[in-house]
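So the sequences go chain by chain: A and B. Our numbering puts the first residue of the first sequence at 381, with every later residue one more than the last. Our numbering puts the first residue of the second sequence at 436, with every later residue one more than the last. Comments concern the structure below.
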Amino acid sequence: EDQVTQSPEALRLQEGESSSLNCSYTVSGLRGLFWYRQDPGKGPEFLFTLYSAGEEKEKERLKATLTKKESFLHITAPKPEDSATYLCAVQATGNQFYFGTGTSLTVIP
Amino acid sequence: KAGVTQTPRYLIKTRGQQVTLSCSPISGHRSVSWYQQTPGQGLQFLFEYFSETQRNKGNFPGRFSGRQFSNSRSEMNVSTLELGDSALYLCASSWTGFDEKLFFGSGTQLSVL
């Protein structure tokens, strides 16, 4: 069964304290892995797409990496405005997207 | 460029009623998909439409249905509402639905009493 699991469920960091979020997946034929950010009361907003193992993408304080079974979202020196829920999604050969339940990140000033 | 627009923003219904939610995709996007988001289950895929045809469907009961019009606007209908249908319903659009990011609306928050 296609499945996406994110950990931890919640993460509290001090401003400047770097960390990583994990997304592990089991899907039959990965077409792509996507990271989204969701703020309260809003829909998810696209961050990155990764298509093959070894691929990395970077944007400001965020860096996403992909292996054959998991992806990491590394947050370097986070700021309070990085507080949000981070969602991982995979698109399988059936074209359907499978989302994880997200990691709620709080960055304390 | 306007984003994905969902209406209404909030809805309160009672058990047994039916509800229709609306989604206007980004201009030019032909793929529209719907998701149910709840705190415990995360985003669950409902269905996807492309050029007025349902191309993919998730594991939801037949009470959940949708359609897409020739201008790519989409509606989702839930009949005989149950308490467990309370959720945030998100609509997402993209050009083709294949190998590309989704653009999400802000959702419709449905409360069933």
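We treat Cβ as the ideally placed atom computed from N, Cα and C, and that holds for glycine.
Residue span of the beta strand (DSSP E) that contains I461(B), given as start and end: Here I461(B) belongs to no beta strand (DSSP E), and DSSP marks it neither H nor E.
Separation of D419(A) from S399(A), as counted between CA atoms: 19 Å
Beta-carbon gap between K348(A) and S404(A) smaller than 8 Å: Outside the shown range of chain A, which is 381 to 489, sits residue 348(A), and nothing can be said about it.
Under 9 Å (Cβ pairs) to chain B, residues found in the stretch 461 to 478 of chain A: L467, A469, Q471, G474, N475, Q476, F477 and Y478
Interface partners of K422(A) on chain B, CB under 7 Å: S541
Extent of the continuous beta strand (DSSP E) run through E425(A): E425 to L430
Expected contact under 8 Å - CB spacing of S509(B) and G501(B) to nearest Å: 6 Å
Chain A contact for A519(B) (CB, 8 Å cutoff): Per the sequence shown, the amino acid found at residue 519(B) is Gly instead of Ala. No, no contact with chain A.
E438(A) - containing beta strand (DSSP E), residue span: E436 to K439
Anticipated Cβ contact below 8 Å, S521(B) with P460(B), distance rounded: Not quite, the Cβ-Cβ distance comes to about 25 Å (not below 8 Å), so this is no contact.
Span separating the alpha-carbon of Y445(B) from that of R417(A): 22 Å
Extent of the continuous beta strand (DSSP E) to which K443(A) belongs: L442 to L446
Proximity of A464(A) and G396(A) at Cβ, strictly below 8 Å: no
Integer-rounded CB distance, given that T543(B) should sit under 8 Å from L481(B): With a Cβ gap of about 12 Å, L481(B) and T543(B) do not count as contacting.
Contact residues within the stretch 458 to 484 of chain B, judged by C-beta distance below 9 Å to chain A: S468, Y470, Q472, P474, G475, Q476, G477, L478, Q479, F480 and E483
C-beta atoms of G480(A) and T385(A) nearer than 8 Å: yes
Chain A contact residues for G532(B), given Cβ-Cβ distances below 8 Å: N475
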